[in-house]
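Quick notes on the structure that follows.
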Amino acid sequence: MAYYRRVGDVPHKRHTQHRTPDGGLYSEELMGEEGFSSDSSLLYHQEVPSAIVDASPWELPDQSLTENRPLLPRHLKLHELTGEDWKAADAVTGRRLVLGNADVRISYVAAGQPSPLYRNALGDECVYVESGGATVETVFGVLSARQGDYVLLPRSTTHRWIPTGSEPLRLYAIEANSHIAPPKRYLSRYGQLLEHSPYCERDLHGPGGPFLVEGTDVEVLVKHRGSRGVTGTRYVYPTHPFDVVGWDGCLYPYTFNVEDFEPITGRVHQPPPVHQVFEGNNFVICNFVPRKVDYHPLAVPVPYYHSNVDSDEVMFYCGGDYEARKGSGIGQGSISLHPGGHSHGPQPGAVERALGAEFFDELAVMVDTFKPLELGEGGLAAEDPAYAWSWSGRGPGR
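Once you know that position 311 of the sequence shown is 435 in the numbering used here, the rest is easy, because the numbers rise by one and skip nothing.
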């Protein structure tokens with residue numbers, strides 16, 4: 125995180141005695157990145173956070189990946205992955221893997237039930253709330269998540285999702301094998317968001333206070349590294365992990381709503397980096413929001429055709445009407461995957477239709493990866509096989 129916060133009861137000096145009302149000692153836990161060399165927070169537990177009484181394997185949902193071969197642009201209809209069974213699904217065990225590589229995995233879920241307690245020990249998670257709302261209970265405190273929120277969860281943050289309301293909680297989960305943070309060019313050398321950043325610290329919302337829960341023999345599902353890739357373990361703790369009376373530092377979960385992103389525009393079409401919101405190792409996250417478009421008298425507002433020389437481009441369409449993709453079959457809840465090595469751009473007729481436009485009402489979350497993406501079982505199940513031929517209007521052999 126870019127700035128320090130202090131929540132609840134913490135001692136005057138770090139690494140000093142912090143006593144309970146009855147004279148005992150709270151357990152101080154450092155949660156930090158990069159081996160004591162980067163952002164961290166100190167949490168003060170009522171009990172010992174390392175204590176476990178049982179452990180067993182947790183069988184994750186299908187994590188297999190299939191190579192994008194032959195190399196094709198893909199259209200994935202994520203809403204087809206969910207039916208009425210969303211009412212029985214939760215936001216953790218119900219995730220279906222859509223795309224992934226060694227750096228990042230993208231999953232999708234529609235949930236109606238509270239999730240188990242969960243901790244991702246592989247990397248940070250950036251979860252976009254497509255629709256619905258949730259209370260996210262964490263070891264740091266409680267977050268309220270609504271439509272349009274990014275929920276940023278640092279690696280190894282124990283938490284659970286509790287849907288609110290009667291509609292499905294639809295989540296687009298970006299799971300890193302690294303940390304996720306604002307782009308470095310938005311930050312001062314001390315970590316403050318700069319004036320040219322499209323958002324600032326006022327737009328970031330962390331937990332408001334400690335969240336204490338009692339309980340014994342509490343299960344927590346942990347996703348972690350294994351000899352064959354991603355695997356899981358089910359721990360049982362003698363007391364509830366949500367026993368933190370206070371914490372302080374620069375590492376904690378928070379939300380940022382896409383409505384608070386201030387778009388950067390120009391006289392002619394601006395390149396995708398102006399839409400960037402976060403970054404991780406070997407990938408970036410951008411969002412395309414409703415905005416005034418290019419105002420040169422001869423401007424072409426939709427993107428020019430471009431070849432992804434170094435990256436795969438994944439666009440999740442989650443609001444408005446995306447001008448460049450009209451006529452392709454893409455709609456709300458769609459993903460387009462445009463792989464490195466394949467030139468892509470507007471659908472036929474989109475350039476002419478956009479001439480003279482002053483405003484685009486569109487909302488999309490984009491992930492660009494610098495290693496090839498493969499298809500998860502959810503991606504294979506949701507594919508529209510006609511998309512690759514939508515620029516030419518001809519399929520194989522025609």
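Cβ atoms here follow ideal geometry from the backbone N, Cα and C, with glycine treated the same way.
- Among the bridge pairs identified by DSSP, S180 is matched with R358.
- The alpha-carbon of T389 is positioned some 19 Å away from that of P470.
- One thing to note: F380 has its Cβ no nearer than 7 Å to the Cβ of I304.
- Collapsing the DSSP output to three states places K308 in a helix.
- Here the segment 438-445 makes contact with the segment 456-470; the two share three or more CB pairs at distances below 8 Å.
- Counting only residues of its own chain and dropping the five nearest sequence neighbours on each side, N406 has a CB closer than 7 Å to the CB of D227, T493, F494, K495.
- Each of G350, A478, P463 was checked against the Cα of P181, and the nearest Cα belongs to G350.
- With fewer than 16 other CB atoms across the displayed protein chains lying within 10 angstroms of its CB, L318 is exposed.
- CA-CA distance, G218 to G330, rounds to 26 Å.
- Excluding residues up to 5 positions away in sequence, M155, R243, N244, A245 lie with their Cβ nearer than 8 Å to the Cβ of S280 in the same chain.
- Put simply, the segment 349-368 touches the segment 166-174. At least three CB pairs are less than 8 Å apart.
- Within the same chain, R220, Y232, G502, A505, A506 come within 7 Å of L205 by CB-CB distance, once the 5 residues on both sides are set aside.
- With at least 16 other beta carbons inside 10 angstroms of its own, F366 counts as buried.
- Ranked by Cα distance from K347, the options L479, Q271, E249 are led by E249.
- Boundaries of the alpha helix (DSSP H) around G503: 501-505.
- Leaving aside the five residues that flank D133 on each side, the residues in its chain whose CB is nearer than 6 Å to its CB run, in chain order, V369, G370.
- As DSSP reads the structure, I454 sits in no beta bridge.
- Assigned with DSSP and collapsed to three states, W513 falls in helix.
- Here G517 is exposed, its C-beta having fewer than 16 other C-beta atoms within 10 Å.
- The segment 474-483 makes contact with the segment 409-418: 3 or more CB pairs, one atom from each, lie closer than 8 Å.
- Note on geometry: alpha-carbon atoms of W210 and H203 lie some 11 Å from one another.
- Where R477 is concerned, the enclosing alpha helix (DSSP H) starts and stops at 474-478.
- For D436, DSSP records a beta bridge to T493.
- Per the C-alpha coordinates, the member of D327, G247, D485 positioned closest to N301 is G247.
- Per DSSP, V413 lies in no beta strand (DSSP E) and is assigned neither H nor E.
- Within 10 angstroms of the beta-carbon of V337 lie fewer than 16 other beta-carbons, which makes it exposed.
- For H364, the three-state secondary structure derived from DSSP is coil.
- Secondary structure at A213: coil, using DSSP grouped into helix, strand and coil.
- Relative to the Cα of Y323, the nearest Cα in the group T340, V222, Y429, V398 belongs to V398.
- Remark: C-beta atoms of A235 and P287 approach each other more closely than 7 Å.
- Just measuring C-alpha positions, the residue of Y150, L196, R352 sitting nearest L184 is R352.
- Per DSSP, reduced to three states, the secondary structure at D384 is helical.
- In the same chain as T282, and ignoring 5 residues on each side of it, the C-beta atoms closer than 8 Å to its own belong to L241, Y242, R243, T262, V263, V344, P365, F366, in chain order.
- The secondary-structure analysis by DSSP pairs V233 across a beta bridge with L295.
- If only complete runs of 4 or more residues are kept, the segment 129-163 shows no alpha helix (DSSP H) anywhere.
- Within the same chain, Cβ atoms closer than 7 Å to the Cβ of T190 are found at E498, L499, L504, the five residues on either side in sequence being excluded.
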